Amino acid sequence: MKILAKIPPQIKIGALRANVKMVPYIHADDNYRGLFNQRTEELQIDNQLGGRARDMTFLHEIVHMADINYESRLDESDVSRIANGLFEFLYYNLGIELDWSDICETP
Ligand SMILES: [Zn+2]
2 MKILAKIPPQ
12 IKIGALRANV
22 KMVPYIHADD
32 NYRGLFNQRT
42 EELQIDNQLG
52 GRARDMTFLH
62 EIVHMADINY
72 ESRLDESDVS
82 RIANGLFEFL
92 YYNLGIELDW
102 SDICETP
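Using the numbering used here, you'd call the opening residue of the sequence shown number 2 and step up by one each time.
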């Protein structure tokens, strides 16, 4: 059974806030798929992404937020591994998929 979990326009993790936005050209300009900017309080995802790539990128940025908030001092590959494990648990064990309908036109 598939369960859709709606991505809210604003994420809160501890003291951090992020407005979730789909943004063009992140990958083309900076070779990232997404980013979290603590100063602007934006969690940006490249708008060319969809499906699992978009969901995995989002979880990756959420792990970055948790890392910053809880001062875990993870490196980039730690963040990727934790995000991948989280993704596998949510998708393949709980059947949860992310619903982007409040963020962009391609849910
Ligand atoms: Zn990263």
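Glycine residues also receive a C-beta, built at the ideal position from the N, C-alpha and C atoms.
Just so you know, these numbers come straight off a predicted model, no measurement behind them.
Check	Outcome
The region 9-22 in contact with the region 57-69 per 3-pair CB rule at 8 angstroms	yes
Cβ-heavy atom distance, E77 to ligand 1, below 7 angstroms	yes
I8 and F59 closer than 8 angstroms at C-beta	yes
For D76, three-class secondary structure by DSSP	coil
Continuous alpha helix (DSSP H) stretch holding N20: start and end	That residue, N20, is in no alpha helix (DSSP H); its beta strand (DSSP E) goes L17 to V24.
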